[in-house]
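Below: one structure, written as structure tokens.
Number of protein chains: 2
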Amino acid sequence: MASRSTQILEAAARVIARRGVRGLRVEELAAEAGVSTALIYYHFKDRTGVLRQTLEFINDRAERYTTERDPDDPPLSPREELEETLLLELQDTVDVRENSSAWGELRASAVFDEVLREDLARATLVWVQEVAALLGQVQPMVPASALAAAAERLTALLEGLSMRWLSGGIKIDHARELMRGAIDAELAGLGQV
Amino acid sequence: MASRSTQILEAAARVIARRGVRGLRVEELAAEAGVSTALIYYHFKDRTGVLRQTLEFINDRAERYTTERDPDDPPLSPREELEETLLLELQDTVDVRENSSAWGELRASAVFDEVLREDLARATLVWVQEVAALLGQVQPMVPASALAAAAERLTALLEGLSMRWLSGGIKIDHARELMRGAIDAELAGLGQV
DNA sequence: GTCTATATCAGGATAGAC
DNA sequence: GTCTATCCTGATATAGAC
Chain L
1 MASRSTQILE AAARVIARRG VRGLRVEELA AEAGVSTALI YYHFKDRTGV LRQTLEFIND
61 RAERYTTERD PDDPPLSPRE ELEETLLLEL QDTVDVRENS SAWGELRASA VFDEVLREDL
121 ARATLVWVQE VAALLGQVQP MVPASALAAA AERLTALLEG LSMRWLSGGI KIDHARELMR
181 GAIDAELAGL GQV
Chain B
1 MASRSTQILE AAARVIARRG VRGLRVEELA AEAGVSTALI YYHFKDRTGV LRQTLEFIND
61 RAERYTTERD PDDPPLSPRE ELEETLLLEL QDTVDVRENS SAWGELRASA VFDEVLREDL
121 ARATLVWVQE VAALLGQVQP MVPASALAAA AERLTALLEG LSMRWLSGGI KIDHARELMR
181 GAIDAELAGL GQV
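Chains as they are written, first to last, in UniProt numbering: chain L, 1 to 193; chain B, 1 to 193.
Right, dumping it as structure tokens:
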């Protein structure tokens, strides 16, 4: 049951996907959520409060779509799991779009905003390590440093492709294809170490 | 001889590097340039005019530092030229920082701004084709589609690494190292086609 | 061409009724 | 909890003197 707060957060996610974090106007959010601006301040204290909670909200959803799998399906091979994990972020669905836009905004804002950097660095590190672990399952016997480097490249590439997709430079299928090619290349490279 | 306009554009580049495109305040720009706000409107019509001309200004500078080479030096091998072209964008100098920040802002803004998309797509295409051509010089006999894909991945990765560097996630030397690794991997991959 | 005001406006935030 | 009405600040933009 969606409470008022949740309803506002969902609206905020939509507005952010449309206008960006820095483009979010409280008035537009109010309209989108079908409430008054005053109510937003009642629930979230100020604009920053809305932003903070919405980013959290979006992040929770992301973990869900990244993690969730039907337990009846045959388990994935390490290789498949790796590919799936990375390609999940390149899907043309509302959730992924909203999440990726927000992530891009966060990354871009962090360039000019000290405060955001720490959070972002931490989140990135967790992600890189996750991918490095998956790479290690596909290619055991490879030194951790090589795994880490490959993971950093793959995740950075994913961010780059994601931005190109969101900014209209390439189509989603093409982005996925390029990503698959990079995974192949990195695995081949690791195999030769 | 720096005219007033140029002086303002140089100041604008600095302010954008510090605050971002969306964070540029005309008043702050005036202070940075040591002139009044009115003068800025006199020269550039409005804030958007400042932005447009500054982006153009920055772009011109980028072409200069990307292209310029001492004619006395021994000519670069194709492989070196490729590496140099890509790594030039990963240097901790004022020009590159300003340029990369502006580019990142442009990319991020384009996600929410239809108007910017076309320019950005065109500029990206030119860049991708340039890199694809360099790749083709290193690895002739490779189909153009494979070259294009590799070029797209390398440039997208470069954007991703650049953003991580600018947002404080990684250090510049590490970014360069990762970029070199990717170039090696792509060239190896193309060699086996 | 350049400055000192100052008008104008958008958007964040609050007061007070219900 | 929610709304209507309004205040206030910060930022763009202009008028007019020099």
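All C-beta atoms in this analysis are idealised placements derived from N, C-alpha and C, irrespective of residue type, glycine included.
Assignment of S109 of chain B by DSSP, reduced to helix, strand and coil, places it in the helix class.
Secondary structure note for S5 of chain L: its alpha helix (DSSP H) is the uninterrupted segment R4 to R19. Around the beta-carbon of V126 of chain L, fewer than 16 other beta-carbon atoms lie within 10 Å, marking it exposed. Three or more beta-carbon pairs drawn from the segment 52-62 of chain B and the segment 10-23 of chain B are found closer than 8 angstroms, and the two stretches are therefore classed as touching. In terms of Cα proximity to V142 of chain B, the closest of B:R14, B:S5, B:G191 and B:A38 is B:G191. Taking a C-beta cut-off of 9 angstroms against chain B, the contacting residues of the segment 171-192 of chain L are H174, A175, E177, L178, M179, G181, A182, D184, A185, E186, A188, G189 and Q192, listed in chain order. For the segment 29-99 of chain L, the continuous alpha helix (DSSP H) assignments of 4+ residues that do not extend past its boundaries occur at 37-44, 47-67 and 78-87, in sequence order. Taking C-alpha positions only, L187 of chain L is separated from Q139 of chain L by approximately 7 angstroms.
Take L9 of chain B, set aside five residues on each side of it, and the residues of its chain with a beta-carbon closer than 7 angstroms to its own are Q53, T54 and F57, in chain order.
For A148 of chain B and P74 of chain B, the gap between their C-alpha atoms comes out near 28 angstroms. For F44 of chain L, none of the residues of chain B pass the 8 angstroms Cβ criterion, the least Cβ distance being about 22 angstroms. Close to G136 of chain L, with beta-carbon spacing below 9 angstroms, lies no residue of chain B; the smallest spacing is near 17 angstroms. If you check the CB distance, V111 of chain L and S109 of chain B do not come in under 8 angstroms. Around the C-beta of T155 of chain L, 16 or more other C-beta atoms lie within 10 Å, and the residue is accordingly described as buried.
Of all residues in the segment 114-131 of chain B, only R117, L120, A121 and T124 come within less than 7 angstroms of chain L when Cβ atoms are compared, listed by chain position. Taking a Cβ-Cβ cut-off of 9 angstroms, the neighbours of A110 of chain B in chain L comprise M163, L166, S167, G168 and G169, given in sequence order.
Among the CB atoms of chain L, one or more fall inside 8 angstroms of the CB of R19 of chain B. Taking a Cβ-Cβ cut-off of 7 angstroms, the neighbours of E152 of chain B in chain L comprise L178, given in sequence order. With fewer than 16 other Cβ atoms inside 10 Å of its own Cβ, S145 of chain B counts as exposed. Within the segment 94-106 of chain B, those residues whose Cβ lies closer than 7 angstroms to any Cβ of chain L are, in chain order, S101, G104 and E105. Of all alpha-carbon atoms in B:D70, B:Q91, B:E83 and B:I16, the one lying nearest the alpha-carbon of S162 of chain B is that of B:Q91.
Neighbours of G49 of chain L across chain B, judged by C-beta separation under 7 angstroms, do not exist; the nearest C-beta is about 21 angstroms away. According to the DSSP assignment, I183 of chain B belongs to the alpha helix (DSSP H) that extends over I172 to G191.
Counting C-beta pairs closer than 8 angstroms gives three or more between the segment 70-86 of chain L and the segment 173-184 of chain L, which meets the contact rule.
Straight across, the Cα-Cα distance linking P78 of chain L with L135 of chain L is about 8 angstroms. At least one CB of chain L lies nearer than 8 angstroms to the CB of L157 of chain B.
Shown here for S100 of chain B: same chain residues with a beta carbon closer than 7 angstroms to its own, the five before and five after excluded, namely E89, S162 and L166 in chain order. When rounded, the separation of the alpha-carbon atoms in E114 of chain L and D72 of chain L is 45 angstroms. For G136 of chain B, the enclosing alpha helix (DSSP H) has its first and last residue at E114 to V138.
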